[in-house]
Amino acid sequence: MSRYSFARLAIHALTKHKHWGEAIRRAAPKAGYDVLIIGGGGHGLATAYYLAKKHGIHNVAVLEKGWLGGGNTSRNTQVSRSNYFWPESAAFFEHSLKLYETMSRDLNFNVMLSQRGILTLAHSHHEIETLRRWANAIQVNGIDSELMTPADICRLVPLLRMDGRYPVCGGFIQRRGGTTRHDAVAWAYARAASALDVDLVQQCEVTGLRITGGRIHGVETSRGPIAAHRVMLAVAGHTSVLGRLAGLQLPINSMALQAMVSEPIKPCLDTVVLSPVVHMYVSQSDRGEIVLGGGADPYTSYAQRGGVPVLQDTVSALTEMFPAFSRLRIMRQWAGIVDITPDTTPIMGKTPIDGLYISGGWGTGGYKAIPAGGDTMAYTVTHDDPHPLIKRFGLDRFATGALIDEGAASGVAH
Amino acid sequence: MLRIPCPYCGVRDEDEFRWGGQSHIARPGLDASETDWADYLFNRENPKGIHYERWLHAFGCGRWFNLARDTVSHEILAVYRMGESKPSLGGAGI
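As you go down the protein sequences, you meet chains A and B in turn.
Each number in our numbering corresponds to the 1-based position in the first sequence with 1084 added.
Each number in our numbering corresponds to the 1-based position in the second sequence with 68 added.
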């Protein structure tokens, strides 16, 4: 793999960029591996990278039924933040945000991190009370958060309507929160993992799991059987479907979460704005599009498209709060299928089947967790023991009752 | 937009309804183990295919009923009242 640098860019400019070569090695599946990762999204690719980089396990394959980063990794709204309420979630997501902060350097790939701040709004005095508690909890967790008066907010986001249908009474901001280019994150991990001899196998759908005596021995795929004694599921959205192949029934409902972008306009919004009550969050991409999302569609679905009622709610909340955006046209709208867990905390770690590991239940917040998810799952697969940061995220918590009811997971009321 | 046929009121837009999750879950006895209790409370079939689920006509008659719905096409395959058993629709989900 050739290292990206300014010098290399200059050299390739002399030959009109015709000789860059492929960044990611295309692999055909071998008969067996030390570790198989099912799912070539952010989490699967990151886990493969950290397995090779930190734990020296290079005989790894990532199996992807479509193309790399083609699922939720490229369907989210690119936000990273660690403003969580409970200490367990805060520690995990702060680790993730820190890895995002150094990712471009670590992976030699510009993921276009922009720590533009994420502003959470309150529209009534009662909401301010709740936000104060949330903001204080974040500070107690050792993470930056700052309360904002309406005057502060007005200065920061001049386009926001302060006295409309949803009056802005205050809010709080995590200034280190922000956005990254989501495709770049997938490509960065894929390129780095590929350079460490990980096989990235695309168009390879897993159709069965080989399990005997409570232990996994490999998988059946559309491209033939592959043997491995350690297999990880990183297929959020479809975790229940793959879980069923292992005879597991999981505490997950799959739902469609939609997002949309407007036509591109000049820079006018340089922070991420989120309103928990009206279920809407908005930012502006580097290309100038206004990116917005809302709540998940309120019933189970495996159709990767959103319903009209939620789309309408999201757009009407946006135009109510940002009247200037009412003249924009929506350019694209799409949905990803997300795993919703009862406590909106992910499910990570071991399963009742020896050698089968799970990284799922990511709900509406899997993107921001990619680096920490990969790092901690690589440790978990290597040591057959959950990483200290994810000990409380195990599947066993639903029987013991030790749920982590993370209302801040999606940053919205639920 | 789903158009849901309420067995009491007729076809209405999905906005009038609330989804109530998987139907036909039997409550275990008080002596149930922790795992059985977790199954009852949390673990769900979540099929990619036909789902038997409860809906509430919240902004209508206020009554609960069951639907069989395909979770990929969203096609509604059967509507039946609470207490009635699952209709046989051939293929189970995948």
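Even for Gly, the Cβ is constructed at its ideal location relative to N, Cα and C.
Please state whether DSSP places A/Ile1237 in a helix, a strand or coil. To locate residue 1237 of chain A, count along the first sequence from 1; it is residue 153. Helix at A/Ile1237.
Using 8 Å as the limit for Cβ to Cβ distance, is B/Arg22 near chain A? Not covered by the structure: residue 22 of chain B. The range shown for chain B is 69 to 162.
Between B/Lys154 and chain A, is the shortest Cβ-Cβ distance under 8 Å, so that the two count as touching? As a first step, residue 154 of chain B must be located in the second sequence, where it is residue number 86. It does not: the Cβ of B/Lys154 has no partner Cβ on chain A nearer than 8 Å.
Skipping 5 residues on each side, what residues in its chain have a beta carbon closer than 7 Å to that of A/Leu1243? Walking along the first sequence from the start, residue 1243 of chain A turns up at place 159. If we look at A/Leu1243 and ignore the five residues flanking it on each side, its Cβ neighbours are Cys1352, Leu1353, Phe1406, Ala1408.
Top-ranked residue by Cα proximity to A/Leu1376, from A/Gly1391, A/Gln1223, A/Gln1342, A/Ala1206: Counting from one through the first sequence, the residue named residue 1376 of chain A turns up at place 292. The shortest C-alpha separation from A/Leu1376 is found at A/Gln1342.
Span separating the alpha-carbon of A/Val1422 from that of A/Asp1247: For the purposes of this step, residue 1422 of chain A is identified with residue 338 of the first sequence, where counting begins at 1. For the purposes of this step, residue 1247 of chain A is identified with residue 163 of the first sequence, where counting begins at 1. Looking at the two C-alpha atoms, the distance is approximately 34 Å.
Bridge partners for B/Tyr148 per DSSP, in chain order? The residue given as residue 148 of chain B occupies position 80 in the second sequence. DSSP output for B/Tyr148 lists B/Asn134 as bridge partner(s).
Along the chain, which unbroken stretches of the alpha helix (DSSP H) at least 4 residues long are found entirely within the region 1312 to 1377 of chain A? 1323 to 1329
For the alpha helix (DSSP H) containing A/Ala1035, name the first residue and the last one. What the structure shows of chain A is the stretch from 1085 to 1498, and residue 1035 of chain A is not part of that stretch, so it cannot be assessed.
Quick one: grab the DSSP three-state call for A/Ile1488. Mapped onto the first sequence, residue 1488 of chain A falls at position 404. Correct three-state label for A/Ile1488: coil.
To which residues of the same chain is A/Arg1299 closer than 8 Å at the C-beta, ignoring the five residues directly before and after it? Within the first sequence, the letter at position 215 stands for residue 1299 of chain A. The answer, listed in chain order, is His1313, Ile1437, Asp1438, Gly1439.
How is the beta strand (DSSP E) around B/Asp81 delimited, first residue to last? The residue you call residue 81 of chain B lines up with position 13 of the second sequence. Here the beta strand (DSSP E) through B/Asp81 covers 78 to 81.
Would you mind sorting B/Asn111 into buried or exposed? The rule is 16 or more other CB atoms within 10 Å of its CB. Counting from 1 along the second sequence, the entry for residue 111 of chain B is found at position 43. The residue is buried, with at least 16 neighbouring Cβ atoms inside 10 Å.
I need the straight-line Cα distance from A/Ser1359 to A/Arg1092, nearest angstrom please. Here residue 1359 of chain A is taken as the residue at index 275 of the first sequence, counted from 1. Here residue 1092 of chain A is taken as the residue at index 8 of the first sequence, counted from 1. Straight-line Cα distance between these residues: approximately 44 Å.
What are the partner residues of A/Asp1423, as DSSP defines its beta bridges? Reading the first sequence from its first residue, position 339 is the one you call residue 1423 of chain A. A/Asp1423 is bridged to A/Ser1338.
N-terminal and C-terminal residue of the alpha helix (DSSP H) that A/Ser1385 is part of: What you label residue 1385 of chain A is simply residue 301 of the first sequence in a count that begins at 1. That residue, A/Ser1385, is in no alpha helix (DSSP H); it is neither H nor E in DSSP.
Cα-Cα separation between A/Ala1145 and A/Ala1401, rounded to whole angstroms: The residue labelled residue 1145 of chain A in the question sits at position 61 within the first sequence. The residue labelled residue 1401 of chain A in the question sits at position 317 within the first sequence. So the two alpha carbons sit approximately 44 Å from each other.
If the cut is a Cβ gap below 9 Å, which residues of chain A does B/His142 touch? By one-based count along the second sequence, residue 142 of chain B stands at place 74. The contacting residues are Tyr1383, Ser1385, Ala1387, Gly1391.
Distance cutoff 8 Å, beta carbons only. Does A/Ser1324 sit that close to anything in chain B? In the first sequence, the residue the question calls residue 1324 of chain A occupies position 240. It does; some Cβ of chain B falls within 8 Å.
For A/Asp1469, count the other beta carbons within 10 Å of its own beta carbon; 16 or more makes it buried, fewer makes it exposed. Which is it? As a position in the first sequence, residue 1469 of chain A is number 385, starting the count at 1. Per the 10 Å Cβ criterion, exposed.
State yes or no: is the beta carbon of A/Ala1483 nearer than 8 Å to at least one beta carbon in chain B? Reading the first sequence from its first residue, position 399 is the one you call residue 1483 of chain A. At least one chain B Cβ lies under 8 Å of A/Ala1483.
Beta-carbon contacts of A/Leu1280 that lie in its chain and below 8 Å, excluding the five residues immediately before and after: The residue given as residue 1280 of chain A occupies position 196 in the first sequence. Cβ neighbours of A/Leu1280 beyond the five flanking positions: Tyr1133, Ala1136, Lys1137, His1142.
In three-state DSSP terms, what is A/Lys1100? As a position in the first sequence, residue 1100 of chain A is number 16, starting the count at 1. Note: A/Lys1100 maps to coil in three-state DSSP.
I need the DSSP call for A/Val1399, collapsed to helix, strand or coil. In the first sequence, the residue the question calls residue 1399 of chain A occupies position 315. Three-state DSSP puts A/Val1399 in a helix.
Identify the contact partners of B/Gly106 in chain A, using a Cβ-Cβ distance below 8 Å as the criterion. Taking the first residue of the second sequence as 1, we reach residue 106 of chain B at position 38. Correcting the residue identity first, residue 106 of chain B is Ala in this sequence and not Gly. Within 8 Å Cβ-Cβ: Pro1335, Phe1482, Ala1483.
Establish whether the CB of B/His92 and some CB of chain A are separated by less than 8 Å. Within the second sequence, residue 92 of chain B is the residue found at index 24, counting from 1. For B/His92, the answer is no, since every Cβ of chain A falls outside 8 Å of its Cβ.
Alpha helix (DSSP H) runs wholly inside the region 1108 to 1160 of chain A, at least 4 long, in chain order: 1126 to 1139
Can you tell me which of A/Gly1125, A/Ala1094, A/Glu1347 puts its alpha carbon nearest to the alpha carbon of A/His1322? Residue mapping note: residue 1322 of chain A aligns to position 238 of the first sequence, counting from 1. Closest by alpha carbon: A/Gly1125.
For a contact meaning CB atoms closer than 7 Å, what does A/Ser1338 contact in chain B? Counted from its first residue, the first sequence places residue 1338 of chain A at position 254. Within 7 Å Cβ-Cβ: Asn114.
So that I know if they touch, is there some Cβ in chain A lying closer than 8 Å to that of B/Met69? On the second sequence, position 1 is the one that residue 69 of chain B refers to. Output row for B/Met69: interface = yes.
Helix, strand or coil at A/Trp1170 [DSSP, three-state]: Translated into positions along the first sequence, residue 1170 of chain A becomes position 86. Looking at A/Trp1170 - three-state DSSP - the assignment turns out to be coil, as it is neither helix nor strand.
With a threshold of 8 Å between beta-carbons, can B/His125 be considered close to chain A, or not? For this step, residue 125 of chain B is matched to residue 57 along the second sequence. Chain A, which has no Cβ nearer than 8 Å to the Cβ of B/His125, makes this no.
Alpha-carbon to alpha-carbon, A/Val1315 and A/Gly1308: To locate residue 1308 of chain A, count along the first sequence from 1; it is residue 224. To locate residue 1315 of chain A, count along the first sequence from 1; it is residue 231. Whole-angstrom Cα-Cα distance: 16 Å.
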